[in-house]
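Undergrad: So for the sequence shown, my numbering puts the first residue at 4; every next one is plus one. Each residue gets a CB set at the ideal place from its N, CA and C atoms; glycine is no exception.
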Amino acid sequence: MIINKEKIMDVLWHHWGKMVGMLTGLVFSLLVIFIGILKTIFIGVCIYIGYVIGKKIDNKEDLWEFLDRILPPGNLK
4 MIINKEKIMD
14 VLWHHWGKMV
24 GMLTGLVFSL
34 LVIFIGILKT
44 IFIGVCIYIG
54 YVIGKKIDNK
64 EDLWEFLDRI
74 LPPGNLK
């Protein structure tokens, strides 16, 4: 049996969202099994916060302005 790498890559490329979804589901289920639901949710929230901050940096948006909008006012300025 000959494995055609181009065919495999073509299938993976056309079903990229399904592959990412399956991998995400697998990781989530393993985390719930091994560390519990609350710790898994905490990890997910931290990942989301990191994603949002990273997206702001990638888009060259002012990070301090964003943080001023979501955090309460303080006396550190």
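1) Alpha carbon to alpha carbon, what distance is there between residue 46 and residue 85?
2) I need the boundaries of the alpha helix (DSSP H) containing residue 10, first residue and last residue.
3) Indicate whether residue 15 and residue 22 have their beta-carbon atoms separated by less than 8 Å.
4) The alpha helix (DSSP H) with residue 42 in it runs from where to where?
5) Using 8 Å as the threshold, is the C-beta distance between residue 34 and residue 43 below it?
6) Assuming contact is defined by CB atoms lying nearer than 8 Å, are residue 66 and residue 56 in contact in what I supplied?
TA: So, from the listed chains and residues:
1) Residue coverage of the chain in this structure runs from 4 to 80, which leaves residue 85 outside it and unanswerable.
2) Counting from 1 along the sequence shown, the entry for residue 10 is found at position 7. Unbroken alpha helix (DSSP H) run through residue 10: 8-17.
3) Walking along the sequence shown from the start, residue 15 turns up at place 12. Walking along the sequence shown from the start, residue 22 turns up at place 19. Yes, these two residues count as a Cβ contact at 8 Å.
4) Reading the sequence shown from its first residue, position 39 is the one you call residue 42. First-last of the alpha helix (DSSP H) with residue 42: 40-61.
5) The sequence position of residue 34 within the sequence shown is 31, counting from 1. The sequence position of residue 43 within the sequence shown is 40, counting from 1. In contact: residue 34 and residue 43 (Cβ atoms closer than 8 Å).
6) Counted from its first residue, the sequence shown places residue 66 at position 63. Counted from its first residue, the sequence shown places residue 56 at position 53. Yes.
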